[in-house]
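Report on the structure given below.
Numbering (our numbering), first residue to last: 1 to 274.
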């Protein structure tokens, strides 16, 4: 982890418990970490599009909430890396746990019959709410990054295990494709996240020896935002498609297919053979 930069920008001295490998205020006086900030567009633009598509494609409205929470994480991460203030760090890290809890819940209830109840699995909803609330309370009193990393990581692992089980039960080829892309993308992003932490001094030396034009490509934490954001976006797609697989009627002839270069999930009618 890089030490705090001596350069002071618009937001003043960093108060966050973490300062990442990108040098502070090196590019812009108003943005502490330029590339770690703008890379959050991958967690802002896709979920905005996803919410529009939920409405256009007639998906259940609860999936708007899944996309919305990913958007909140993106906005929080943008604010955190732009300011490096502790309050904005919480705006980033707390929604990561709460948002993944909601995803875990949505994945858990796709097998249940549709009904008008707000929560079709009340016990699970309470358990996840208690877990997220407990994490929030403890983290506010004991702001150790490892606690946040562990809490978020456990929920991510649970969500991937749920998706494996759903694919096993239905054998959905589209979901399997989405899962492989999502998992591999997430793991690669996590690999880059660790490289950024462990080899930060080496990355600084590399950036000092190369053209400034190429330097942004070495901002590995920014790449983590891109890969993890897209992987989570695809996880919402898996949830939507699995929900369709378990609840579709026998007369349903349409199929859900991935489209728009991997950023859309839409209904298609099978072409009639001549």
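Virtual Cβ for every residue (Gly too), placed ideally from N, Cα, C.
Predicted, not measured: the structure shown is a model, and the values here were computed from it.
Could you spell out where the alpha helix (DSSP H) holding residue i opens and where it closes?
i, result
"residue 223", "220-247"
"residue 265", "Counting along the chain, residue 265 falls outside any alpha helix (DSSP H), though it belongs to the beta strand (DSSP E) covering 264-268."
"residue 124", "122-141"
Let me confirm a value: residue i is counted as buried when at least 16 other C-beta atoms fall within 10 Å, else exposed. Which label applies?
i, result
"residue 119", "exposed"
"residue 268", "exposed"
"residue 148", "buried"
"residue 244", "buried"
"residue 29", "exposed"
"residue 209", "exposed"
"residue 260", "exposed"
"residue 194", "exposed"
Return the CA-CA distance between residue i and residue j, expressed in angstroms with no decimal places.
i, j, result
"residue 226", "residue 33", "15 Å"
"residue 182", "residue 237", "10 Å"
"residue 94", "residue 232", "16 Å"
"residue 81", "residue 37", "5 Å"
"residue 58", "residue 256", "12 Å"
"residue 43", "residue 253", "33 Å"
"residue 4", "residue 165", "Because residue 4 sits at a pLDDT of 49, beneath the cut-off of 50, its placement in the model cannot be relied upon, and the following sentence gives the value as read from the coordinates. The alpha-carbon atoms of residue 4 and residue 165 are separated by roughly 44 Å."
"residue 18", "residue 25", "16 Å"
"residue 168", "residue 79", "39 Å"
"residue 99", "residue 31", "26 Å"
"residue 176", "residue 228", "18 Å"
Measuring alpha carbon to alpha carbon, tell me which of the options ends up nearest residue i.
i, options, result
"residue 20", "262, 230, 200, 212", "200"
"residue 110", "142, 163, 157, 131", "163"
"residue 138", "59, 66, 90", "90"
"residue 105", "260, 113, 96, 121", "121"
"residue 230", "248, 184, 92", "184"
"residue 222", "125, 196, 45", "196"
"residue 203", "22, 8, 131", "22"
"residue 143", "176, 87, 98", "87"
"residue 73", "174, 47, 85, 194", "47"
"residue 140", "158, 16, 11, 8", "16"
"residue 75", "92, 65, 83", "92"
"residue 113", "198, 247, 130", "247"
Taking the continuous beta strand (DSSP E) assigned at residue i, which residues delimit it?
i, result
"residue 255", "255-259"
### Query
Mind pulling the beta strand (DSSP E) runs of 3 or more residues that sit fully within the region 35-118?
You should have found no qualifying run.
### Query
Whole alpha helix (DSSP H) runs in the region 156-208 with 4 or more residues, listed along the chain?
173-198, 200-208
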